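What follows is one structure encoded as structure tokens, with my remarks underneath.
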Amino acid sequence: MYMTRSVIRSVGSYLPQRVMTNAELAEMVDTSDDWIVERTGIRQRHIAAEGELTSHLAIKAAEAALSRSGIAAADIDLVIVATSTPDQTFPATAATVQGELGILQGAAFDVQAVCSGFVYALTTADNFVRAGSARNVLVIGAETFSRILDWTDRGTCVLFGDGAGAVVVTAANDDDDPGKGILATRLRSDGRYRDKLYVDGGPSSTQTVGHLRMEGREVFKHAVTNISDVMGETLEEAGVEPDKIDLFVPHQANKRILDGTARRFGLTTEKVVITVGHHGNTSAASIPLALDVAREDGRLQPDKLVLMEAMGGGFTWGAVLARW
Numbered sequence: 009m010y011m012t013r014s015v016i017r018s019v020g021s022y023l024p025q026r027v028m029t030n031a032e033l034a035e036m037v038d039t040s041d042d043w044i045v046e047r048t049g050i051r052q053r054h055i056a057a058e059g060e061l062t063s064h065l066a067i068k069a070a071e072a073a074l075s076r077s078g079i080a081a082a083d084i085d086l087v088i089v090a091t092s093t094p095d096q097t098f099p100a101t102a103a104t105v106q107g108e109l110g111i112l113q114g115a116a117f118d119v120q121a122v123c124s125g126f127v128y129a130l131t132t133a134d135n136f137v138r139a140g141s142a143r144n145v146l147v148i149g150a151e152t153f154s155r156i157l158d159w160t161d162r163g164t165c166v167l168f169g170d171g172a173g174a175v176v177v178t179a180a181n182d183d184d185d186p187g188k189g190i191l192a193t194r195l196r197s198d199g200r201y202r203d204k205l206y207v208d209g210g211p212s213s214t215q216t217v218g219h220l221r222m223e224g225r226e227v228f229k230h231a232v233t234n235i236s237d238v239m240g241e242t243l244e245e246a247g248v249e250p251d252k253i254d255l256f257v258p259h260q261a262n263k264r265i266l267d268g269t270a271r272r273f274g275l276t277t278e279k280v281v282i283t284v285g286h287h288g289n290t291s292a293a294s295i296p297l298a299l300d301v302a303r304e305d306g307r308l309q310p311d312k313l314v315l316m317e318a319m320g321g322g323f324t325w326g327a328v329l330a331r332w
């Protein structure tokens, strides 16, 4: 009896051309390069151009992933876009991506779990594949967080950036790719903390888009503990010890959180992919963007054991363990 598994075939990414440095931000709000770097590790972030939508970023990342996968767009039977900054309230940004890529079969929908969105979307794709409901899935994390920032709030506007990353996930069994694929996933949430990281607007409440609001210390306090717990649960489910991890690709929120989590699991610097300095926090896009950086620098190789994790507003958090 063969077990169907989800194999990540390829990754692609896209970043807007405009780069905003800390020095630029220091001209807008009461902050400095030293203040931002010391507290977050962020030195710059990319900002979408006027008229450049989340779907535009998502499509470019998807095209890059598809070109490396050997899978034609016409063979994709499910598109999942993780985003908290959709083009419109509806239709789903995934439907726009599906249409623009010429995918005429299957389904398309968005997943909204804020910074955990890519982990949630990848887990959803894995479940569709394991159930036999999809064979070729395009999973995208795409955000234009610059559109929901209060540029007078130095506690939040310095943290976030725009970008998109995508992976192509396909069904396989042990004869196709022995030992490869998504080995374990774990998703969690706790709505009691929804007011610690949120947007103060929405169609039902204020009929506006609103701005991002965050209690930074509270988020930081929960982040390392929640992330470490879900990482441990995921590794335990797969029967894998932390020292067997080849590559740790965390959500890029804050370098201090990344360093603290890596220390808890004894992960050396070379095993941790850190892009927050150049990308900022790109929410659901941060993990696939980091995966593509690891591909480009040669760390993401076949047979590598890759652990991904994220935590976002809600609170939501989760982890995925995969053999590349």
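Count along the sequence shown starting at 1, add 8, and that's the number in my numbering.
Backbone N, C-alpha and C define an ideal beta-carbon position, used for all residues, glycine too.
Predicted, not measured: the structure shown is a model, and the values here were computed from it.
Q. Which residue from L130, I111, P211 puts its Cα closest to that of V89?
A. L130
Q. Looking only at C-alpha atoms, which of T164, G247, S236 sits nearest to M222?
A. T164
Q. What are the partner residues of R26, as DSSP defines its beta bridges?
A. I55
**Q.** Residues near A330 in its chain [Cβ-Cβ closer than 7 Å; skip 5 each side]
**A.** I16, G189, I190, L191, V314
Q. Helix, strand or coil: which one does DSSP assign to R221?
A. strand
Q: Determine which residues share a DSSP beta bridge with E2 and list them.
A: Residue 2 is absent from the model: the chain starts at 9 and stops at 332.
Q: May I ask you to report which of helix, strand or coil DSSP gives F273?
A: coil
Q.
Using the three-state DSSP reduction, which class does M9 fall into: helix, strand or coil?
A. Legend: pLDDT at M9 = 42, less than 50; position of this residue unreliable, value from coordinates given subsequently. If DSSP states are grouped into helix, strand and coil, M9 belongs with coil.
Q: Compute the beta-carbon to beta-carbon distance between R307 and V281, rounded to the nearest angstrom, for a pair I have assumed lies under 8 Å.
A: 7 Å
Q: For the segment 42-129, list the alpha helix (DSSP H) runs that are entirely contained and at least 4 residues long, ordered along the chain.
A: 62-77, 101-109
Q | Within 9 Å, strictly: CB atoms of L167 and G288 | A | yes
**Q.** Where F323 falls, given that 16 or more other Cβ within 10 Å makes a residue buried
**A.** buried
**Q.** Given R202 as reference, the closest of E226, D185, T216, A179 once Cα atoms are compared
**A.** E226
Q. Between which two residues does the beta strand (DSSP E) containing S197 stretch?
A. 189-197
Q: For F98, count neighbouring C-beta atoms within 10 Å of its own C-beta (all shown protein chains included) and say buried if the count is 16 or more, exposed if not.
A: exposed
**Q.** Euclidean distance between Cα positions of L146 and T290
**A.** 19 Å
(Q) Please classify W325 as buried or exposed, where buried requires at least 16 neighbouring CB atoms within 10 angstroms. (A) buried
Q: Rank E241, H259, G274, K263 by C-alpha distance to the C-alpha of K252 and give the top, closest one.
A: G274
(Q) Quick test of your reading: H54 and L23, contact by CB under 8 Å. State the CB separation rounded to the nearest angstrom. (A) 4 Å
Q. Does the beta-carbon of G78 have 16 or more other beta-carbons within 10 angstroms, so that it is buried, or is it exposed?
A. exposed
Q) Between which two residues does the beta strand (DSSP E) containing V301 stretch? A) Counting along the chain, V301 falls outside any beta strand (DSSP E), though it belongs to the alpha helix (DSSP H) covering 294-304.
**Q.** S21 in three-state terms, based on DSSP
**A.** strand
Q: Please state if the CB of T91 and the CB of A292 are separated by a distance shorter than 9 Å.
A: yes
Q: Pick helix, strand or coil for A31, following the three-state DSSP scheme.
A: helix
Q: State the start and end residues of the unbroken beta strand (DSSP E) segment that holds V284.
A: Premise fails: V284 lies in the alpha helix (DSSP H), 284-287, not in any beta strand (DSSP E).
Q. What do you get for A82, buried or exposed, if any count of 16 or more other CB atoms within 10 angstroms of its CB means buried?
A. exposed
Q. Using 8 Å as the Cβ pair cut-off and three pairs as the minimum, do the segment 143-163 and the segment 92-111 touch?
A. yes
**Q.** Length of the line joining the Cα atoms of R13 and G59
**A.** 39 Å
Q.
Let me check one thing: in DSSP terms, what residues is G149 bridge-paired to?
A. A90, G173
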